[in-house]
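Visitor: Have a look at this one before I ask anything.
2 protein chains.
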Amino acid sequence: MLAPQRVPMPGLPSAVTIWEVGARDGLQNEPAVVPLDVKLEFLERLAAAGLTVVEATSFVHPKWVPQLADADELISRLRQAPGVRYPVLVPNDRGLDRALALGVREIAIFGSATETFAMRNLNTTVDGSLAMFEPVVRRALSSGLRVRGYLSMCFGDPWEGEVPVPQVVSVARRLLDLGCDQLSLGDTIGVGTPGHVTALITALGSAGVPADRLAVHFHDTYGQALANTLAALQAGVTTVDSSAGGLGGCPYAKSATGNLATEDLVWQLNGLGIETGVDLAALVRTSLWMADHLGRPSPSAVVRALAADL
Amino acid sequence: MLAPQRVPMPGLPSAVTIWEVGARDGLQNEPAVVPLDVKLEFLERLAAAGLTVVEATSFVHPKWVPQLADADELISRLRQAPGVRYPVLVPNDRGLDRALALGVREIAIFGSATETFAMRNLNTTVDGSLAMFEPVVRRALSSGLRVRGYLSMCFGDPWEGEVPVPQVVSVARRLLDLGCDQLSLGDTIGVGTPGHVTALITALGSAGVPADRLAVHFHDTYGQALANTLAALQAGVTTVDSSAGGLGGCPYAKSATGNLATEDLVWQLNGLGIETGVDLAALVRTSLWMADHLGRPSPSAVVRALAADL
């Protein structure tokens, strides 16, 4: 199997934490509903491939995300690998109740940088969503949980168009001030480019948010995710979200909104000599296996290119 | 149609020349043979979309590249747009004869950084290939032509594996010393990553080759082409090769070796505020039209994502 030559680039971190979102953000956006046993095996294989943060599921109402309706049973049956974190998405108080009842140690909330997406996704304003999250985060923290904040539409919004950097910085600050220990900057529609990434991270730094409290969450809709990742690494970010096999958006559909594929990210980081702990061959095998279950090829370039060698 | 927010990145050039290779490197690697009239319309549409360097064809023997067997008729019938350059690939003396007879103003030769690929592609050693190119370049220059040198396998070789940077620098210097005014560094199998790009361009600079004599030619086999492009721009390169619609490698084949898609590149450069002169919508329409002729969807992320809007 081919591999990139290892040539570090000056100024980049020596290690990166990959925040694997395939089982949550990936599967929730796939048309097929994956059986619970397959999900459990998927989570086990991701951990076995060396991923140390594996977002497991979402405690959203099954009416909105039927793909993850088995969240409670999944968490109770999951055999957690030692040293691996399994955060879950929690949209509200009821979701937190479910997470706490199951002994979850880490949650994530999901905010929006734009009013339109807040209304469409959360059925409230940006202010309203922050007011809704506030007691959730407070109760989670008082129960000893870690809380991550997702911030979507940071680089553009399909209804509003351009999203000003100061607007993103403002919502980001407020999410962090709730008590989130990390903020994941989402390019939900994949329109961002590297200068925009640099500008946002720089502006957050000027507003008192250091890069080590940030993660980036890029979509490959316009092929920009890895170049944007490089810009983020250059700006000091060391946590990158990605989805095994690019789960979460069929590349052949009209509006492909696929997550950055973990394999494509690992290829880049391997070439840069940046430590991830991931066994790329094991991960590609896992994504090929999942693609079989979903009945379609993986959109990941690395998965496709390496498939024949494994 | 969505567009990236325009946010320049410090240290990048204000303009980039896109060297469009779809009609030559693209079509020569497509299984289907495209009719001459379609090729002529393709070249006209590429120029009309604002591309200023459009590699037109190759004067290689038709036995080796039947897809381009119509090279002479194509050049003689081509209606050249004012201000647009139409270089052609010329493998040897016989090819140069054909180019000169047709009044071609600009040629490219195609070398290899590795012995194995030189033997497989040119049926000679690296030394042998340079000896073969020497009289071709001399005669072209004495006829007032511009000569570009392609250098393949700069970032890895499928048979030899890793390709040491000093080896690439050595062959690169020798190609330039023949009289090439520009050298295009090819990641022929797409394995390169950004640190490797930086290292090679830096090493070439130390060997007396400034970045303004370089171009980069990346393949998206492992999804790395745009991140590598960003690294090249940061290192001072201002000419980037790409292929409209990603022509030149079917993404569904076992060994997809697709060129970087011009549309994906233009999206990135538009976002970075880097001038290219390209009308993205016109280019996407051209690639959709060509995909119809080829009977398969374009592998370009931007073409796929924008197709529904046009």
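In order, the protein sequences belong to chains A and B.
Residues 15 to 324 in the working numbering are what the first sequence spells out, letter by letter.
Residues 15 to 324 in the working numbering are what the second sequence spells out, letter by letter.
Here a beta-carbon is modelled for each residue, glycine too, at the ideal position from N, C-alpha and C.
Would a C-beta distance cut-off of 8 angstroms place residue 307 of chain B and residue 140 of chain B closer than the cut-off?
Guide: Not a contact, by the Cβ cut-off of 8 angstroms.
Visitor: Look up residue 169 of chain B in the DSSP assignment and say whether it is helix, strand or coil.
Guide: Looking at residue 169 of chain B - three-state DSSP - the assignment turns out to be coil, as it is neither helix nor strand.
Visitor: Buried or exposed: which applies to residue 234 of chain B, given that a residue is buried once 16 or more other Cβ atoms fall within 10 Å of its Cβ?
Guide: Buried, by the Cβ-count rule.
Visitor: Taking only three categories from DSSP, how would you classify residue 33 of chain A?
Guide: Three-state DSSP puts residue 33 of chain A in a strand.
Visitor: Taking residue 102 of chain B as the reference, which of B:179, B:204, B:69 has the closest Cα?
Guide: Among B:179, B:204, B:69, the Cα nearest to that of residue 102 of chain B is on B:69.
Visitor: Verify whether the separation of the beta carbon atoms of residue 21 of chain B and residue 207 of chain A is less than 8 angstroms.
Guide: For residue 21 of chain B and residue 207 of chain A, yes; Cβs fall inside 8 angstroms.
Visitor: Compile a chain-ordered list of the residues in the stretch 190-213 of chain B whose CB is closer than 9 angstroms to at least one CB of chain A.
Guide: Those residues of the stretch 190-213 of chain B that come within reach of chain A (Cβ to Cβ, closer than 9 angstroms) are 203, 204, 205, 206, 207, 208, 209, 210, 211, 212, 213.
Visitor: Determine whether the Cβ of residue 254 of chain A lies closer than 8 angstroms to any Cβ atom of chain B.
Guide: No - not a single Cβ of chain B is within 8 angstroms of the one on residue 254 of chain A.
Visitor: For residue 325 of chain B and residue 205 of chain A, which I take to be in contact (beta-carbon distance under 8 angstroms), what is that distance rounded to the nearest angstrom?
Guide: Here chain B comprises residues numbered 15 to 324, so residue 325 of chain B is not present and cannot be evaluated.
Visitor: Rounded to whole angstroms, how far is the Cβ of residue 259 of chain A from the Cβ of residue 275 of chain A, which I believe are closer than 8 angstroms?
Guide: That belief holds up - the Cβ atoms of residue 259 of chain A and residue 275 of chain A are roughly 6 angstroms apart, short of 8 angstroms.
Visitor: At least one CB of chain B closer than 8 angstroms to the CB of residue 316 of chain A: is that the case?
Guide: It does: the Cβ of residue 316 of chain A has a partner Cβ on chain B nearer than 8 angstroms.
Visitor: Who are the Cβ neighbours of residue 294 of chain A in its own chain at under 6 angstroms, not counting the five residues just before and after it?
Guide: Only 280 meet the Cβ criterion.
Visitor: Taking buried to mean at least 16 other C-beta atoms within 10 Å of its own C-beta, is residue 41 of chain B buried or exposed?
Guide: Its Cβ being crowded by 16 or more others within 10 Å, residue 41 of chain B is buried.
Visitor: Is it true that the stretch 122-131 of chain B meets the stretch 176-187 of chain B, where meeting means three or more beta-carbon pairs spaced less than 8 angstroms apart?
Guide: With the cut-off at 8 angstroms, the stretch 122-131 of chain B and the stretch 176-187 of chain B touch.
Visitor: How should residue 162 of chain B be labelled, buried or exposed, when 16 other C-beta atoms within 10 angstroms of its C-beta is the threshold for buried?
Guide: Flag for residue 162 of chain B reads buried.
Visitor: CA-CA distance, residue 148 of chain B and residue 100 of chain B?
Guide: The straight-line gap from Cα to Cα measures roughly 22 angstroms.
Visitor: Counting only Cβ-Cβ distances shorter than 8 angstroms, please list the residues of the stretch 274-306 of chain A near chain B, keeping chain order.
Guide: Correct list: 275, 278, 281, 282, 284, 285, 286, 287.
Visitor: Tell me whether the beta-carbon of residue 288 of chain B lies closer than 8 angstroms to the beta-carbon of residue 29 of chain B.
Guide: Yes, the pair counts as a contact, with Cβ atoms nearer than the cut-off.
Visitor: Only counting runs of 3 or more residues, tell me where the beta strand (DSSP E) segments fall wholly within the stretch 233-264 of chain A, in order along the chain.
Guide: Whole beta strand (DSSP E) segments, 3+ residues: 253-256.
Visitor: Check whether the stretch 245-258 of chain A touches the stretch 31-51 of chain A, taking contact to mean three or more Cβ pairs, one atom from each stretch, closer than 8 angstroms.
Guide: Touching, yes, given that three or more Cβ pairs across the two stretches are closer than 8 angstroms.
Visitor: So, is residue 171 of chain A buried or exposed, given that buried needs 16 or more other C-beta atoms within 10 angstroms?
Guide: With 16 or more other Cβ atoms within 10 Å, it is buried.
Visitor: Excluding the 5 residues preceding and the 5 following residue 84 of chain A in the sequence, name in chain order all residues of the same chain whose CB lies nearer than 7 angstroms to its CB.
Guide: Closer than 7 angstroms at Cβ, skipping near neighbours: 50.
Visitor: Does the beta-carbon distance from residue 121 of chain B to residue 159 of chain B come in below 8 angstroms?
Guide: In contact: residue 121 of chain B and residue 159 of chain B (Cβ atoms closer than 8 angstroms).
Visitor: Of the residues that make up the stretch 30-52 of chain B, which ones have a beta carbon closer than 9 angstroms to any beta carbon in chain A?
Guide: Within the stretch 30-52 of chain B, no residue qualifies.
Visitor: Given a threshold of 16 other Cβ atoms within 10 Å of its Cβ, counted over all protein chains shown, does residue 175 of chain A qualify as buried or as exposed?
Guide: Result: exposed.
Visitor: Rounded to whole angstroms, what is the Cα-Cα separation between residue 302 of chain B and residue 292 of chain B?
Guide: Near 16 angstroms, if we compare the C-alpha coordinates of residue 292 of chain B and residue 302 of chain B.
Visitor: Are residue 246 of chain A and residue 230 of chain A closer than 8 angstroms when you measure CB to CB?
Guide: Contact: yes.
Visitor: Between which two residues does the beta strand (DSSP E) holding residue 198 of chain A run?
Guide: Residues 196-201.
Visitor: If the cut-off is 8 angstroms on Cβ atoms, which residues from the stretch 155-172 of chain A count as contacting chain B, listed in chain order?
Guide: From the stretch 155-172 of chain A, only 169, 170, 172 have a Cβ closer than 8 angstroms to chain B.
Visitor: Does the beta carbon of residue 227 of chain A fall short of 7 angstroms from some heavy atom of the ligand HEM?
Guide: With respect to the ligand HEM, the structure offers nothing, as it holds no ligand at all.
Visitor: Please state the DSSP three-state secondary structure of residue 288 of chain A.
Guide: Coil at residue 288 of chain A, not helix or strand.
Visitor: Which chain A residues sit within Cβ distance under 7 angstroms of residue 128 of chain B?
Guide: Neighbours of residue 128 of chain B on chain A: none; closest Cβ ~13 angstroms, over 7 angstroms.
Visitor: By the DSSP assignment, the beta strand (DSSP E) with residue 143 of chain A in it spans what residues?
Guide: Premise fails: residue 143 of chain A lies in the alpha helix (DSSP H), 140-156, not in any beta strand (DSSP E).
Visitor: Could you tell me which of A:74, A:110, A:65 sits nearest to residue 96 of chain A, measuring between CA atoms?
Guide: When only C-alpha atoms are compared, the closest one is A:65.
Visitor: Rounded to whole angstroms, what is the Cα-Cα separation between residue 109 of chain A and residue 117 of chain A?
Guide: Approximately 13 angstroms between the Cα atoms of the pair.
Visitor: I need the DSSP call for residue 268 of chain A, collapsed to helix, strand or coil.
Guide: Below a pLDDT of 50, predicted positions are generally treated as unreliable, and residue 268 of chain A, at 47, falls in that range; no measurement from the model is reported.
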